[in-house]
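Contents: one structure, followed by commentary.
Protein chains in written order, with my numbering: chain A, 4 to 556; chain B, 4 to 556.
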C-alpha cells in the first residue's frame, strides 16, 4: 500500500484556496500512483477556525467544499479533516472520500481544551472507532490528540481486531521541544499496536500559532522511518508492507527532507514562517518597523527580510536627543546589510510641541517617566501613520522578557500589527542574532548591536539594568513563573534571589492589562502570552505573599 | 428554616478581602438568627479566576482561606463556593461548613464551556449528588449551570428522594434579558421538583463581566417570592416552611429591594457598576477621558461621574482646526454640568510638526486618511501621557457599532484602559443619554449633543453617514451578524438591503485585528466583543460570497 501525506499550508476560512491546494497534491499523488492520500486535521477549513464554527453557514459551506473535493478527486482514496455538522452536533471529523463520495467518517474522540486549544467549546467527542480497508490493510483512523493518551486510544480501539496501520491527521502547533514529544508519542503508539503509523500534520502560520509540518511514518517497531519537511509544504510518500512475521515495514519513496539544524535554527524557521504567513494571509505585502539600533529591532528586521524579502521592509529610525550616534548609525548599517529601505524621522520637534501642549496640564513633568514614554508614543504614531498611508503592516519588536514585565510603552513601542519576537526571551534574541549572522556568513547584525548594553534611550545614560535584573536571571525567573506556573516560594527554594523573584512576579502580574493590548505574536515556547495564558486583568492574587489569605485580619 | 443569601462583591484573587466580606455577612446572619448562610459560586476566590487555576499555590491558598473561614464562622451552617483541588483533579465546588470544619462538598456537574465560559479548561465535572439536612429539611446542592438543563438535573437527583429545597450558588453574569431567563429557569426548577429554590448570585464587575446579583427565593409553586438588590451587595433572608400538604412556603423577612426601572435603567446600572469596579479593583481612583462634544464621550463621562464621583474625572478637549466651536463648547458645558475637571489642549501645533516630520517619507499625503487618523493618534498620546503622569485610568469612548465596523483609529481614540460603552450600540447610546438626563431631572447632556448629526471631525464637514449606513440600519445588521451569527443571505431574506449588508459584514470581518487591540469593556448584550466572540484575525471566510468554496476554480 502506497500512502501519501499531503502536508499543506491551509488558510483558515479559505475553503476554495484550501481545496485548490489539495487538488494540486491529488494530481501529484495520481502521478506517484498512491493508494491513499491523506490531508491534515480540519484541512478543508484550516485550523483553528474558532468561532467561525458558530456560524451555521460556515459549517454548510465547509460541507459543500468537502463534497466538491470528493467529486473532483474520485480516483484515489482520500482522508481529509473537516468540521462536520450532524443533527445539530458538531464534530472534528475525518472524511474518507472514494469514487467521488464520502464513504466513511471518523469523529475525533479526544478533544483538547487546554493551552491554546478550545475544542470542547465547539465539538462533541466521537465514540465510534473507524477502520478502513485499503489494499487489504486495516487502517484505524485517529485525529491529533486521539493518540496522545495511549489508554484512551486502547479503549477506543479495543474491539477493532488486528490493524496494520494507525492513521493520524493532525494540526499540531510548534513549540520548542514539541517534535521530540511528538516522535515519542508516535513511536510508542506504533509499538503498542504493533502497526505502522502515518502522521500527517498541518503546516503554516495562523495568528499566534505556527504549524511545523514534519509529517512522518513509523514502522511497527516504532522507528520513525521518514519525515516530511519542517515549516514548508511537502508530499511525503511511503510504501507500507506487512511481512509474514507480523512486522509492518515502511519504505519512503524519496530521500529524506532536510531538517532544521538544532534548536535555534528551528525557532528561527518558525519565526520566519510565522511572519510570512501572518503578513501574506492578511493581505499585506509591505511591512515597516522602527529601527533603534538595538538587538530586538535588528533581529526582527532580519527575520522579516528573510520572510518577506528586504525590498518589502521599511526601517525607520526616529532619534531624539537621547539616542546616541552609535545606535543611529547601527540602525542604518543594519538596513544596508539587509538591503531594506531606510528612513530617518527625528522626533525632537514633535516632542517639543507635545511637551509644550502637555504643560497646560497642571503637574506635567517634562523630565518624568510620562515624558520618557511620550517619545515611544510619538514613534508609535509615526509608524502607524506611515502604515495607514502606505498600507504596510507595522511589526513590533518587543521580546518576551520585556512583554512579561511590562518594560515597554503601551501605545508606544507596543503599537503595531504583529509582534515577531514576542515569545522570544531576551537571552534567546541574542542567540537568534548570532544565528542570523552565522547562516548569512557575514555580520548582518553589527557586532556593536550584540555587545552594547541594552538601553531604551529615553533619558540620558539609561540602561535596561537600571530597571530590570540581569537578563539571564530575569529569563530564568520568567520561565519558572510564566511558563511553569511556579510560586515565588518554589523559585526561591530553587535558589533564585527572593527580592528579585518578588519584584519580577509583581511586575508580571501588574502588566496583564498592557499585554492584553499588545498585538499577537508567534508562539515558540510551551506557554506564550495570548490564548495560552488567560489571566484576569482584575486580579488581587499575589503569588509571593505567603500570608495573603489572612492579610486583612 | 431561615436561609440567608450573602450576595457580595468578590474580587478575583483577593482571598483575604473576600473572606473578610463573608465574615461581615456572617455577623449579620448571626444577628438575624439564620440557620443557613449561603455565598455565591467560587466566592472564596472570585469568578472567573481563569488561569490562576493553573497555579498549584493558588489552589492551596484557596483551600487555606476556606479552612480559615470555616474556623472563623463556626456557629452557623455555611455553603460557599471554592476551587477544590483533590487528587490532582480540580472541581468547581460548594463546601458545607459546620462547627468550624468542612463537613460536605458538592462538585458542579454541568460545566459551561461556551460564550464567556471556559470551565472545562479548568474543572472536572462532579457526578455525585449532595443532599444536606438543615432543621429537618432536605436540601439538594447545585451550582449555577447545574439547574439550567432540567433533564441533566433530574438525572443528577434521580436517587436522592424527596427534597424540600434546591440550593443554587451562582456566578451568573448580566446581559440584557438575562434576568427573565434566570427567573424562568428557577421557577421551572422549583415547580418540577416541587420544592423551594434558594438562588445566591455574585455581584460586581470583573473585567468584561458584570454580575448583577438579584439573588432570589422561589416557593414550590415556582413563584419568585423575594429578590435581592440588583448591582449591589445584599443579604436576602427568608423563612422556608414545609406545610402539611407538601407545599413549601417561603416568607422573606424584609420588604422587597428596589429593582431597576426598565431595560435602559438596568443597562445604565450595569455600566456604572462595571466602570466603578474595574477602576477601583485595579487600584485607580482617578480617570480621564477625551471629550469631543459628541454623544459617546458625553455618555461615557456621565456614567464615570456617577460611578466614581465627578471629582475623580478629568475631561480633556483636544481641538484641531476641524472641530466646530459648537462641539468644543458642548464638551465644556457637559463637564460643567457634571461638575468634573476640564482641560483644553489644542493639537494643531503638534499636528503641524507631525505633518512636517512625516513629509520626509516619500508619498505622505497631508490630506489623506492617515492624516485624519493622526489627529486621533495625537489625542491618544496626550491622554496616555496624562494617564502616565497622574496615575489615572484612561476611559475610551467607542460604542459597539463603531467597534464592530472599525470606525475608529487604532492607537487613537481606541487608546486607553477601559471601554465603558464598548458593548452599547450607537442607538442604545442615545437612549442612555436620554435616561441620564431623565434621572438627573436636568439637561446634563446638552440637547445639541443628542440632536447633532454624529461626526468624527477629522476633516471639513465630515459626517459619520459619509462612511456608515444610518445607525438604525447598521445596528440591526450588526445584531443579526455579530450577536446572532446570521449569514448575509439570512439578513437579506429578512428584508435588509443586500449591498449594505455585504458592506457591513466586510467591515466587521476586516476589523477583527483592530478589536483585538482595543481595551476591555463592559458586556451588556448576549454577545460582546471579547471572550464571547473568538474569531481568528487571519481569516479568509466571507459570510456573503455565495460561491466562495469554488471561487478559485
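Glycine included, each C-beta is placed from N, C-alpha and C at the ideal position.
Membership of residue 80 of chain A in the beta strand (DSSP E) is indicated by the continuous run 80–89. Around the C-beta of residue 361 of chain B, 16 or more other C-beta atoms lie within 10 Å, and the residue is accordingly described as buried.
At least one C-beta of chain A is nearer than 8 Å to the C-beta of residue 209 of chain B.
At a cut-off of 8 Å between C-beta atoms, residue 60 of chain B counts as an interface residue with respect to chain A. Comparing alpha-carbon positions, the option among A:138, A:134, A:89, A:158 lying closest to residue 127 of chain A turns out to be A:89. For the pair residue 341 of chain A and residue 304 of chain A, the CB atoms are nearer than the 8 Å cut-off. Bridge partners of residue 203 of chain A according to DSSP: A:172.
For residue 368 of chain A, same chain residues with a beta-carbon under 8 Å away, outside a window of 5 residues either side, are 374 in chain order. For the region 264–287 of chain B, the beta-carbon criterion of a distance under 7 Å to any beta-carbon of chain A is satisfied by 281, 284, 285. Within chain B, the residues 60 have their CB atoms less than 8 Å from the CB of residue 492 of chain A, given in chain order. Any Cβ of chain B closer than 8 Å to the Cβ of residue 539 of chain A would place that residue at the interface, and such an atom is present. Contacts between residue 393 of chain A and chain B, judged by CB atoms closer than 7 Å, involve 366 in chain order. At a cut-off of 8 Å between beta carbons, residue 481 of chain B makes no contact with chain A.
Across the region 16–47 of chain B, CB contacts with chain A closer than 8 Å involve 16, 17, 18, 19, 20, 22, 23, in sequence order along the chain. Fully enclosed alpha helix (DSSP H) runs of no fewer than 4 residues are not present anywhere in the region 210–282 of chain B. Assignment of beta-bridge partners to residue 101 of chain A by DSSP yields A:104. Pairing residue 166 of chain B with residue 134 of chain B gives a Cβ-Cβ distance under 8 Å. When beta bridges are read from the DSSP output, residue 6 of chain A appears opposite A:39, A:241.
With respect to the C-alpha of residue 59 of chain B, the residue from B:87, B:425, B:501 having the closest C-alpha is B:87.
For the options A:470, A:404, A:204, A:187, the alpha carbon positioned closest to that of residue 9 of chain A is the one of A:204.
The beta-bridge partner set that DSSP reports for residue 536 of chain B consists of B:533. Listed in chain order, the positions of the region 93–124 of chain A with a beta carbon within less than 7 Å of a beta carbon of chain B are 116, 117, 123, 124. Looking from the CA of residue 266 of chain B, the closest CA among B:521, B:178, B:226 belongs to B:178. Around the beta carbon of residue 489 of chain A, 16 or more other beta carbons sit within 10 angstroms, so the residue counts as buried. Contact check for residue 448 of chain A and residue 274 of chain A: beta-carbon distance about 14 Å, past the 8 Å limit, so the pair fails to qualify.
Distance check between residue 463 of chain A and each of A:371, A:390, A:480 places A:371 closest, using alpha-carbon atoms only.
One thing to note: residue 419 of chain B has its Cβ no nearer than 8 Å to the Cβ of residue 211 of chain B. In this structure residue 497 of chain A is not in contact with residue 546 of chain A, their Cβ atoms being roughly 14 Å apart against a cut-off of 8 Å. Residue pairing by DSSP places residue 373 of chain A in no beta bridge whatsoever. In this structure, the beta-carbon distance from residue 108 of chain A to residue 296 of chain A does not fall below 8 Å.
Counting other Cβ atoms within 10 Å of its Cβ, residue 257 of chain B stays below 16 and is therefore classed as exposed.
A straight-line Cα-Cα distance of about 15 Å links residue 522 of chain B and residue 537 of chain B. Residue-level contact check: residue 309 of chain A does not touch chain B, since none of the beta carbons of chain B fall below 8 Å from its beta carbon. In the three-state reduction of the DSSP assignment, residue 184 of chain A falls in the helix class, which pools H, G and I.
Residue contact check for residue 232 of chain A against chain B: no CB pair falls below 8 Å. The beta carbon of residue 159 of chain A is closer than 6 Å to those of 112, 132 in its chain, skipping five residues each way along the sequence.
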